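**Student:** Numbering (this note's numbering), first residue to last: 30 to 292.
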């Protein structure tokens, strides 16, 4: 499928590929939300999927954007989020990754993603992946040029059952070699006896899910952390806000314990 401006249906909104919230915030974090939206640009139709498929977790991370926006406000920190579904292209994957444009998500085949040629892949990279990461680059570069201390946190949600396997964790923290944020944040979450907390669960960097934080955090020497919340925990705006209010002080204290963003 080749994207042409004339393919867009009259009256159908075409969203920008990326949006920045609170771009001038001077808090210590840059927040990112790779899978914030289930929006498909009109030229791609439904990719051959049902309406139910496009509302499900295979298309996006339900609840993640609400949590991220609330955290942005609570911590006065910029948020960069994608406005295009992960089914078009997964912004949290290297451009050479086999699941960059997933032919199958969980157990669902994606008809519109089958047998794409190099031109079609390049088209999707230019549509969403490149502007998303260029925008994060620009936000971080401006902050560093202004001497604003910066750590990078990504916000995701995950399905309670994946390929028939239940996931017991209400929240999981994903991190790589740098444990400076993850260590104190894990300790704070585990101190709540009502939570089952995933330590590099339900994913780990070995699963190929750490691309955004590698590129914009670790490779720049910035502290980074990936937060995964089970999506039944954030099924309403009130629940999204509740989790943000729980996480904001934990993140701020974890950063202080780690010696600050640029320590």
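Cβ atoms here follow ideal geometry from the backbone N, Cα and C, with glycine treated the same way. Note that the structure is a prediction, hence the values are computed from the model and not measured.
Report the rounded CA-to-CA distance for residue 85 versus residue 191, giving the unit in angstroms.
**Tutor:** Within the chain shown, residue 85 is the residue found at index 56, counting from 1. Within the chain shown, residue 191 is the residue found at index 162, counting from 1. Each residue's alpha carbon lies about 12 Å from the other.
**Student:** Between the segment 142-157 and the segment 208-215, can you find at least three pairs of beta-carbon atoms closer than 8 Å?
**Tutor:** Counting Cβ pairs under 8 Å, fewer than three are found: no touch.
**Student:** Inspect the beta-carbon positions of residue 88 and residue 62 and report whether they are closer than 7 Å.
**Tutor:** The residue labelled residue 88 in the question sits at position 59 within the chain shown. The residue labelled residue 62 in the question sits at position 33 within the chain shown. No.
**Student:** Relative to the C-alpha of residue 171, which candidate in 276, 107, 133, 160 has its C-alpha closest?
**Tutor:** On the chain shown, residue 171 is found 142 positions in, with the first residue counted as 1. With distances taken between Cα atoms, residue 171 lies closest to 107.
**Student:** Do the segment 169-185 and the segment 247-262 make contact, defined as three or more Cβ pairs closer than 8 Å?
**Tutor:** The answer is yes - the segment 247-262 touches the segment 169-185, with three or more Cβ pairs under 8 Å.
**Student:** Is residue 122 buried or exposed, if buried means 16 or more other CB atoms sit within 10 Å of its CB?
**Tutor:** Along the chain shown, one-based indexing puts residue 122 at 93. With 16 or more other Cβ atoms within 10 Å, it is buried.
**Student:** Where does residue 243 fall in DSSP's three states?
**Tutor:** Residue numbering aside, residue 243 sits at position 214 when the chain shown is read from its first letter. Note: residue 243 maps to helix in three-state DSSP.
**Student:** Can you tell which of 206, 238, 225, 164 has its C-alpha closest to the C-alpha of residue 185?
**Tutor:** Numbered from its first residue, the chain shown carries residue 185 at position 156. Here the closest residue by C-alpha is 238.
**Student:** Which stretch, first to last residue, makes up the beta strand (DSSP E) that contains residue 253?
**Tutor:** Residue mapping note: residue 253 aligns to position 224 of the chain shown, counting from 1. From DSSP, the beta strand (DSSP E) with residue 253 extends over 253-259.
**Student:** Start and end of the alpha helix (DSSP H) containing residue 101?
**Tutor:** Counting from 1 along the chain shown, the entry for residue 101 is found at position 72. Element bounds for residue 101: 93-103.
**Student:** How about residue 196 and residue 231: do their beta carbons lie closer than 7 Å?
**Tutor:** Taking the chain shown and counting its residues from 1, the one referred to as residue 196 is at position 167. Taking the chain shown and counting its residues from 1, the one referred to as residue 231 is at position 202. It is a contact, given that the beta carbons lie within the stated cut-off.
**Student:** Assuming residue 277 and residue 209 form a contact by the criterion Cβ under 8 Å, report the distance between their Cβ atoms to the nearest whole angstrom.
**Tutor:** Position 248 of the chain shown, counted from the start, is the residue given in the question as residue 277. Position 180 of the chain shown, counted from the start, is the residue given in the question as residue 209. With a Cβ gap of about 18 Å, residue 277 and residue 209 do not count as contacting.
**Student:** Is it buried or exposed for residue 1, if we count other Cβ within 10 angstroms and need 16 for buried?
**Tutor:** What the structure shows of the chain is the stretch from 30 to 292, and residue 1 is not part of that stretch, so it cannot be assessed.
**Student:** By how many angstroms is the C-alpha of residue 203 removed from the C-alpha of residue 272?
**Tutor:** Locating residue 272 in the chain shown gives position 243, counting from the first residue. Locating residue 203 in the chain shown gives position 174, counting from the first residue. One C-alpha to the other measures close to 17 Å.
**Student:** Distance, Cα to Cα, residue 54 vs residue 103?
**Tutor:** Walking along the chain shown from the start, residue 54 turns up at place 25. Walking along the chain shown from the start, residue 103 turns up at place 74. Their Cα atoms are separated by approximately 11 Å.
**Student:** Kindly indicate which residue of 45, 101, 127 has the alpha-carbon position closest to the one of residue 71.
**Tutor:** Position 42 of the chain shown, counting from 1, holds the residue named residue 71. Taking only the C-alpha atoms, the option nearest residue 71 is 45.
**Student:** Put residue 48 into one of helix, strand or coil per three-state DSSP.
**Tutor:** For the purposes of this step, residue 48 is taken as residue 19 along the chain shown, with counting starting at 1. The answer is strand: DSSP assigns residue 48 an E or B state.
**Student:** To the nearest angstrom, how far is the alpha carbon of residue 154 from that of residue 111?
**Tutor:** To locate residue 154, count along the chain shown from 1; it is residue 125. To locate residue 111, count along the chain shown from 1; it is residue 82. Roughly 13 Å between the two C-alpha positions.
**Student:** Can you tell me the Cβ-Cβ gap for residue 68 and residue 118, rounded? I've got them flagged as a contact below 8 Å.
**Tutor:** Position 39 of the chain shown, counted from the start, is the residue given in the question as residue 68. Position 89 of the chain shown, counted from the start, is the residue given in the question as residue 118. Going by Cβ atoms, the distance from residue 68 to residue 118 rounds to 12 Å, so no, they are not a contact pair.
**Student:** In this structure, what does DSSP give as the bridge partners for residue 300?
**Tutor:** The shown model of the chain, from 30 to 292, leaves out residue 300, and the question about it has no answer.
**Student:** Using DSSP's beta-bridge definition, name the partner residues of residue 184.
**Tutor:** Start at 1 with the first residue of the chain shown, and residue 184 comes out as number 155. Answer is 256.
**Student:** Where does residue 31 fall in DSSP's three states?
**Tutor:** For the purposes of this step, residue 31 is identified with residue 2 of the chain shown, where counting begins at 1. Interpretation of residue 31 is limited by its pLDDT of 28, a score under 50 that renders its predicted location unreliable; no figure is taken from the coordinates.
**Student:** Below 6 Å, is the gap between the Cβ of residue 142 and the nearest heavy atom of the ligand FMN?
**Tutor:** This structure lacks the ligand FMN; in fact it carries no ligand of any kind.
**Student:** Tell me, to the nearest whole angstrom, how far the beta carbon of residue 156 is from that of residue 109; I am working on the premise that it is less than 8 Å.
**Tutor:** Reading the chain shown from its first residue, position 127 is the one you call residue 156. Reading the chain shown from its first residue, position 80 is the one you call residue 109. Going by Cβ atoms, the distance from residue 156 to residue 109 rounds to 16 Å, so no, they are not a contact pair.
**Student:** So, is residue 36 buried or exposed, given that buried needs 16 or more other C-beta atoms within 10 angstroms?
**Tutor:** As a first step, residue 36 is located in the chain shown; it is residue number 7 there, counting from the start. Unreliable positioning characterises residue 36 in this predicted model, as indicated by a pLDDT of 33, which lies under 50. The coordinate reading is nonetheless provided below. By the neighbour-count rule (16 or more Cβ atoms within 10 Å), residue 36 is not buried but exposed.
**Student:** Below 8 Å on the Cβ atoms is my contact criterion, and I expect residue 218 with residue 279 to pass it. Report the Cβ-Cβ distance as a whole number of Å.
**Tutor:** Sequence index remark: in the chain shown, residue 218 carries index 189 (1-based). Sequence index remark: in the chain shown, residue 279 carries index 250 (1-based). At roughly 7 Å, the Cβ-Cβ gap stays under 8 Å, so residue 218 and residue 279 are in contact.
**Student:** If I measure Cβ to Cβ from residue 201 and keep anything under 6 Å in the same chain, skipping five residues before and after, which residues do I get?
**Tutor:** Translated into the one-based positions of the chain shown, residue 201 becomes position 172. Excluding positions up to five away in sequence, the list reads 227, 230, 231, 257.
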